[in-house]
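Going letter by letter, the sequence shown gives residues 1 to 41 in full-length UniProt numbering.
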Amino acid sequence: MVSVRVPATIANWGPAFDALGVAVTVYNTVQAQVSASPAVV
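Set out below in structure tokens:
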């Protein structure tokens, strides 16, 4: 299994639109593993 954890950000914040991002203490985590049969979850 592969697990990736990266800090979440808030974009489109105020008049700066995509120019500014604010880091928050929340993380995005994605986990993936190889399956014996084809499947979409």
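Glycine included, C-beta positions come from ideal geometry on N, C-alpha and C.
Could you compute how far the alpha carbon of A32 sits from the alpha carbon of V26? Your numbering for residue 32 matches position 32 in the sequence shown. Your numbering for residue 26 matches position 26 in the sequence shown. A32 and V26: Cα-Cα distance of roughly 20 Å.
Report the rounded CA-to-CA distance for P38 versus M1, giving the unit in angstroms. As a position in the sequence shown, residue 38 is number 38, starting the count at 1. As a position in the sequence shown, residue 1 is number 1, starting the count at 1. Each residue's alpha carbon lies about 16 Å from the other.
Return the CA-CA distance between residue 91 and V41, expressed in angstroms with no decimal places. In the structure as shown, the chain starts at 1 and stops at 41, and residue 91 therefore has no counterpart that could be examined.
Under the three-state DSSP convention, the category Q31 falls into: In the sequence shown, counting from the first residue as 1, residue 31 sits at position 31. Looking at Q31 - three-state DSSP - the assignment turns out to be strand.
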